[in-house]
Amino acid sequence: MKYDFETILQVRDYECDIEGIVNNANYLHYAEHTRHLFLKERGLSFAEMHRKGVDAVVARMNLQYKAPLRCDDEFRSCLSVTKEGIKYVFHQDIYRLADNKLSFRANVELVCIVNGRLSDNEEYDRALLH
């Protein structure tokens, strides 16, 4: 898959459960952090957009857990984005760097709420789809 954005992150010890693997909820944090870094790279700030009355919110997620990450693992978090109607669909993959094994895959659908109403937003379109 061709990605629009990639970043390298590292597992921190407190993100692991008693089994010594990353707790499943932390993959959502990794995916969200990657989306935020992507938006920042594209010149878009969630905080500034909120001040303008525009909020991008998660509407749906489809998650697949593949190969576990463990304490101190470095990983590559990647995403591509498409637009389907009013939804922005983020296709996100996380790869363990040591062996390039797919650890996590997600499709995350976001929608924009503009001044309290579901709506398209030109600023998000320009930032995400260029």
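Add 141 to the 1-based position in the sequence shown for our numbering, that's all there is to it. C-beta: ideal position from N, C-alpha, C; glycine also.
*What is the rounded straight-line gap between the Cα of L180 and the Cα of C157?*
Cα atoms of L180 and C157: separation of roughly 27 Å, rounded to the nearest angstrom.
*Beta carbon of R211, beta carbon of V163: below 9 Å?*
yes
*Bridge partner(s) assigned by DSSP for F216*: In the DSSP output, where bridge partners are listed per residue, F216 has L150, R237.
*How about M202 and E250: do their beta carbons lie closer than 9 Å?*
yes
*With a CB to CB cut of under 8 Å and the five nearest residues on each side skipped, what residues in its chain are close to K143?*
S221
*Going along the chain, which residues of its own chain have a beta-carbon closer than 6 Å to the beta-carbon of L185, five neighbours each way excluded?*
A268
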